[in-house]
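Inspection log for the structure reproduced underneath, given as structure tokens.
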Ligand code: CP
Ligand code: NVA
């Protein structure tokens, strides 16, 4: 299975097969175990990863940098001021130059087309570290978290509550590939991209899962196993924040919403969280929250990804 990943890009979970994602998750579990047992790995000795950021980050930057370090490789952070992707220099020039110097590139940007363009012109693997359309690395870590806590991902009831954003799109992609049971609940006007939804609906059903849209979050979380939420205002949409706070208020993950879910419900948030908006302190810090485990699992999932793409 390893060879199926080697040299590929990782732009969208939908580009991969169920067996590949499952293999990646098993690799992550094995790597996590080896780290915990104190083993030192040199899998990526001599390999380098460039981290191109056009937006801020804590988890993505640190998890990728530590992943490379723990596998014996090196990473290089390039912030927005340094590169000026598409402004100081054309995306295709950046792609070609970096490909001569590093073994892989991770990009966090705004327009998903920039990710596609970089990958198109680049001879080394490109990893999508978040675009306005997708955040596939986050969902890898989340799938790992669900697998660890629930023992499986298929058949687990997952309710995505909030904005039909990049995270929601990557959940739709993962559900399409793996045949998950996903319920999405957003305010009117904030539903996920119609094209992604339509494609996912057919694929999810054909793979034994179920996709449902439920406008009322109270019904969306009824007896669910996982409540997933994310910020109401994603990076780049800050001008809409005030209006969004009003429209999204009924979608807050609070004690009342939690009481409608299953008894073993798990609350997930990719973080950073806007406490007091999409999630209350009480829920975020409470016994049902697995947010910090999720953040940690970014490291283990991405180590597996890097080992498979570059190993
Ligand atoms: N969840 C996530 O991607 O966090 P950062 O924005 O801090 O990288
Ligand atoms: N939807 C959020 C995710 C942050 C990790 C954003 O794009 O800002």
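Residue numbers (our numbering): -3 to 307.
Cβ coordinates follow ideal geometry from the N, Cα and C atoms, glycine included.
Computed from a prediction, not measured in an experiment: that's the story for all the values here.
Closest Cα partner of residue i within the set the options
i	options	result
residue 142	302, 294, 303, 301	294
residue 36	288, 69, 96, 50	69
residue 11	174, 238, 274	174
residue 3	254, 264, 98, 169	98
residue 207	217, 214, 75, 196	196
residue 67	85, 80, 42, 54	42
residue 6	136, 140, 288, 252	136
residue 17	-3, 31, 235	-3
residue 188	19, 165, 178, 118	165
residue 81	15, 58, 47, 59	47
residue 121	110, 129, 100, 114	100
residue 78	93, 49, 54	49
residue 212	156, 262, 192, 239	156
residue 228	217, 218, 115, 240	240
residue 234	270, 264, 252, 109	270
residue 273	158, 285, 216, 163	158
Where residue i sits in the DSSP three-state scheme
i	result
residue 172	helix
residue 306	helix
residue 245	helix
residue 131	coil
residue 16	helix
residue -3	coil
residue 187	coil
residue 71	strand
residue 85	strand
residue 251	helix
residue 209	strand
residue 58	helix
Beta-bridge partners of residue i, as assigned by DSSP
i	result
residue 33	Paired residues: none, contrary to the question.
residue 157	181, 225
residue 104	49
Any non-hydrogen atom of the ligand ATP closer than 7 Å to residue i Cβ
i	result
residue 165	Of the ligands this structure carries, namely the ligand CP and the ligand NVA, none is the ligand ATP.
Any C-beta of chain C under 8 Å from that of residue i
i	result
residue 90	Absent from the structure is chain C; it holds one protein chain and no more.
| task | Closer than 6 Å is what we want: which residues have a beta carbon that near any heavy atom of the ligand CP? List them in chain order. | result | Result: 53, 54, 55, 56, 126, 134, 266, 267, 268.
| said: Count Cβ pairs between the region 255 to 263 and the region 295 to 302 that sit closer than 8 Å; are there 3 or more? | reply: No, the region 255 to 263 is not in contact with the region 295 to 302.
| Is there contact between the region 168 to 188 and the region 237 to 248, where contact requires at least three CB pairs shorter than 8 Å? | Counting C-beta pairs with one atom in each stretch, the region 168 to 188 and the region 237 to 248 have three or more that are closer than 8 Å, which means they touch.
| field | Validate contact between the region 191 to 205 and the region 216 to 235 using beta carbons, cut 8 Å, 3 pairs | value | no
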